[in-house]
Amino acid sequence: MRRRALLGVLSAGAGVLATGCSAADPQTSETSTAEESPVPATYTYGDLPSQFGELSLPAGTGPVPVVVVVHGGFWRTGYGAELGRPLAQDLVGHGWAALNVEYRRVGRGHKAGRGGWPRTMVDVAAAVDALATDGQRLADGRLQLDRVVGLGHSAGGQLVGWLGARPGLPGGTPGADPAVRLRGLVAQAGVLDLVGAARQHVGGDAVPDLMGGGPDAEAAAYALASPLARLPLGVPSVCVHGSADTTVPLSQSETFTAAARAAGDDSTLMTHAGDHLDPITVGTPAWTLCTDAITRLLA
C-alpha cells in the first residue's frame, strides 16, 4: 500500500480489514528484492500464522544490541509486519540487530485475526522473550540481551510501552516476569493512553475492539494494558510525534511524557513537522529523530 493511501485509511479509522491471507505470512517473510538485504531469519513463537518474528543481523561475528520493531495499524488485520521491514533494514545498517514482530490482531482474517486483550500483548511478549532462545540460536549467540530497545509506531507504540512496563506487572497477570527486558523504548506517534484514546475515538472503535469493550466496562484490563496506567515504567522512553498528525493526536505523547516525568521516569518528547507516517518513513527528519533516540538509549 502506498504511503498516501495508507495514511488515508488510518485517518478514516482503520476500517479496512483483511479477509484472506495476511501479507505478513511467515512463509513469505524470507523473500527479498535486490534492495532488501540482509534476508531476515524467521522464528515462530506459537502455532498460528501471525506468531513469528523476523530477525535481521548486521554483518560480522561480534555482539550486537537489538531493536524490537512493532508495527502499527490500530491492531487490525489489514496491516502486518511488512510495515516494519524497511525500518528493520535501515536499523541493521546502523549496526544493530532488528527483530520485526508479527502478532495476532483484531479482524476477520482467518489467519491473521484472533487478537485482542490479552492475546495481542501476550504475543509481543512471547516474541521478545524468544530472543533468549530461538533468537540467540539464529544469531549464534551474538545478541546483547541487556541492550534491547523497543520501537513501535501508533498501535505498536502502545505495545512497546506495555513491553517496557512488563517488569512492574503484578505476578500472574499476562506478560509478567519477562525473560527479556527492554532497556528503553521509542514510541512513534504512539497510542499511549488507551482510556483517553477510547473516549476520543482515536482510530474509530479500534481501542474498544482491542480491549473487548470501553474503559468503564473493562477498567481492570485497561489498567494493565495502557502504558499511561503502568507508570512509572522504570526505563527511559522517547516519544516522537508530528505536529501535523491527524491520526493519533499529539496530546497522546504530550500526556504520556508529562506523566512519566512526574512519576520519576526519564521521558522525552521529540516533535517534528510531519504527519503520522513520517516516523516510519526512512530518510525523513522524523525517522532520524527515532534512530538518534535509539542511539542514546543504547549508549
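Here the sequence shown is numbered in the numbering used here, starting from 14 and rising by one per residue. Cβ coordinates follow ideal geometry from the N, Cα and C atoms, glycine included. Quick caveat, the model's predicted, so the values are computed rather than measured.
For this session: Would you decide whether Pro240 is buried or exposed? Buried here means 16 or more other CB atoms lie within 10 Å of its CB.
Result: Its Cβ being crowded by 16 or more others within 10 Å, Pro240 is buried.
Exercise. Per DSSP, Val161 is paired with what?
Worked result: Beta-bridge partners assigned by DSSP to Val161: Val79.
For this session: Go ahead and pull the three-state DSSP assignment for Thr281.
Result: Taken through DSSP and simplified to helix, strand or coil, Thr281 comes out as strand.
Exercise. In whole angstroms, what separates the C-alpha of Gly203 from that of Asp258?
Worked result: In this model, Gly203 and Asp258 are separated by some 11 Å (Cα to Cα).
For this session: Could you tell me which residues DSSP pairs with Gly66 in its beta bridges?
Result: For Gly66, which the question treats as bridged, DSSP gives the partners Tyr56 and Val114.
Exercise. Which two residues bound the contiguous alpha helix (DSSP H) that contains Val173?
Worked result: In the DSSP assignment, Val173 falls within the unbroken alpha helix (DSSP H) covering Ala168 to Ala178.
Problem set entry | Beta-carbon separation (whole angstroms), Gly93 vs His84, contact threshold 8 Å | The Cβ separation is near 7 Å, so the contact holds.
Exercise. How about Pro316 and Val208: do their beta carbons lie closer than 8 Å?
Worked result: For residue 316 there is no data in the structure shown, the boundaries of the chain being 14 and 312.
Exercise. By DSSP, does Ala273 sit in helix, in strand, or in coil?
Worked result: The three-state secondary structure of Ala273, taken from DSSP, is helix.
Problem set entry | Stretch pair the stretch 276-294 + the stretch 247-266: three plus CB contacts closer than 8 Å | Because the criterion of three Cβ pairs below 8 Å is met, the stretch 276-294 and the stretch 247-266 touch.
Exercise. Rounded to a whole number of angstroms, what is the C-alpha to C-alpha distance between Met224 and Val215?
Worked result: Those two C-alpha atoms are separated by around 14 Å.
Exercise. Which of helix, strand or coil does DSSP assign to Val253?
Worked result: Assigned with DSSP and collapsed to three states, Val253 falls in strand.
For this session: Grab the span of the alpha helix (DSSP H) containing Ala210 for me, first residue to last.
Result: Per DSSP, the continuous alpha helix (DSSP H) segment holding Ala210 begins and ends at Leu207 to Arg212.
For this session: Whole angstroms is fine: what's the gap from Trp300's alpha carbon to Pro131's?
Result: So the alpha carbons of these two residues sit roughly 30 Å apart.
Exercise. So what does DSSP say about Val344, is it helix, strand or coil?
Worked result: One cannot answer for residue 344 here, as it falls past the ends of the chain, which runs 14 to 312.
Exercise. What three-state label does DSSP hand Gly181 in the structure shown?
Worked result: When secondary structure is reduced to three states using DSSP, Gly181 falls in the helix class.
Problem set entry | Minimum C-alpha distance to His107 - residue among Pro78, Gly97 and Asp60 | Ranking Pro78, Gly97 and Asp60 by CA distance to the CA of His107 puts Pro78 first.
Exercise. Which residue comes first and which comes last in the beta strand (DSSP E) that contains Ala202?
Worked result: From DSSP, Ala202 is part of no beta strand (DSSP E); its letter is neither H nor E.
Exercise. Taking DSSP as the reference, what is the three-state secondary structure of Val220?
Worked result: It is helical.
For this session: Look at Val193 and Val161 and say whether their C-beta atoms are less than 8 Å apart.
Result: Yes, they are a contact pair.
Problem set entry | Own chain partners of Phe65 with C-beta closer than 6 Å, once the 5 adjacent residues on each side are dropped | Result list for Phe65: Pro39, Thr55, Thr57 and Glu115, in chain order.
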